[in-house]
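Following: one structure in structure tokens, then a few remarks.
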Amino acid sequence: MVNIKWFTPAPRDILIRISTYIVGPVIVLIPTFIAGANNGDWVSTMAGVGGVLLAIYVIAYLFSSVSAYGIDADQLIIRKPVGAISIPYSQIISIKSIEKLNAGFKVFANAGLFGYFGLFFSEDDNKTVGVYATRLKQLVRIQIANSKTYYLSPAEPEKFVEAVKQHLNQNHQGGEKS
Numbered sequence: 001m002v003n004i005k006w007f008t009p010a011p012r013d014i015l016i017r018i019s020t021y022i023v024g025p026v027i028v029l030i031p032t033f034i035a036g037a038n039n040g041d042w043v044s045t046m047a048g049v050g051g052v053l054l055a056i057y058v059i060a061y062l063f064s065s066v067s068a069y070g071i072d073a074d075q076l077i078i079r080k081p082v083g084a085i086s087i088p089y090s091q092i093i094s095i096k097s098i099e100k101l102n103a104g105f106k107v108f109a110n111a112g113l114f115g116y117f118g119l120f121f122s123e124d125d126n127k128t129v130g131v132y133a134t135r136l137k138q139l140v141r142i143q144i145a146n147s148k149t150y151y152l153s154p155a156e157p158e159k160f161v162e163a164v165k166q167h168l169n170q171n172h173q174g175g176e177k178s
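The opening residue of the sequence shown carries number 1 in our numbering; numbering runs sequentially from there.
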């Protein structure tokens with residue numbers, strides 16, 4: 001049995017809460033009502049258009065929402081409702097807490113519904129980075145061997161960094177770890 005220590009993500013920031021709980025539902029409802037008004041057949045139009053838009057909303061949740069960050073004996077895990085991303089400790093060069101990420105623009109990412117997920121251009125790193133977060137402040141920055149960088153937002157970033165560093169030290173892996 002695998003022993004994984006789970007860390008909860010930080011609460012969603014104001015942009016994510018507004019996008020998820022206000023803008024998202026409005027984006028689903030307005031086209032549905034417009035289509036129903038234009039068509040005259042409210043029931044089937046609302047079911048069809050609303051169903052498609054709701055499906056898109058649910059898919060965004062399943063793939064963009066971070067549900068937990070885990071640490072086991074061999075790797076760090078980013079858990080989502082569908083799937084997970086693993087970062088082996090052997091690949092970690094450095095890990096540290098940072099105050100905020102200056103994300104210049106989205107490369108292939110979601111920044112709104114349910115969180116920040118995907119590839120962003122980081123003005124701090126001057127390159128594309130992977131972000132799996134619920135806010136862009138009080139983050140954990142992880143640099144791995146192939147020059148990739150990840151940003152995560154556990155609720156307790158310092159405790160998360162210390163827990164990962166303990167595993168890195170136990171396994172004599174990783175480099176800087178600061």
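We put the CB at the ideal spot given by N, CA and C, even for glycine. Only a predicted model underlies this, so the values are computations on that prediction, with no experimental measurement involved.
State yes or no: is the C-beta of residue i within less than 7 Å of the C-beta of residue j?
i, j, result
"V28", "L53", "yes"
"F179", "T20", "Past the edges of the chain, shown from 1 to 178, lies residue 179, and the structure says nothing about it."
"Q91", "I144", "yes"
"Y89", "L139", "no"
"Y151", "A163", "no"
"I4", "G70", "yes"
"R141", "A10", "no"
"V57", "G24", "A small correction: the amino acid at residue 57 is Tyr; Val does not occupy that position in the sequence shown. Contact flag set, yes."
For residue i, which beta-bridge partners are listed by DSSP?
i, result
"Q75", "P88"
"I34", "Looking at the DSSP assignment, I34 forms no beta bridge with any residue, so it has no partner."
"G24", "BP columns for G24 are empty, so no partner."
"V131", "G118 and Y151"
"K96", "R141"
"R69", "According to the sequence provided, residue 69 is Tyr. The question's Arg does not apply to it. Paired residues: F7 and I78."
"A47", "Answer is none; A47 lacks a bridge partner."
"D103", "Checking the displayed sequence, the identity of residue 103 turns out to be Ala instead of Asp. Answer is S122, bridged to A103."
"A111", "Y116"
Quick check: the Cα distance between residue i and residue j, rounded to an integer number of angstroms?
i, j, result
"A155", "T8", "6 Å"
"R79", "F117", "12 Å"
"D74", "V49", "45 Å"
"I77", "K96", "16 Å"
"F160", "D13", "19 Å"
"T149", "F33", "43 Å"
"T128", "A103", "9 Å"
"E176", "I59", "Here the model assigns E176 a pLDDT of 49, short of 50, so the residue's position is not dependable, and the following value carries that caveat. Answer to the nearest angstrom: the Cα atoms are 38 Å apart."
"P157", "L101", "14 Å"
"W6", "D72", "9 Å"
"K165", "V107", "30 Å"
"P31", "A111", "22 Å"
"A37", "E123", "45 Å"
Looking at the secondary structure, which residues open and close the alpha helix (DSSP H) in which residue i lies?
i, result
"R141", "Counting along the chain, R141 falls outside any alpha helix (DSSP H), though it belongs to the beta strand (DSSP E) covering K137 to I144."
"V161", "P157 to Q170"
"L15", "I14 to I18"
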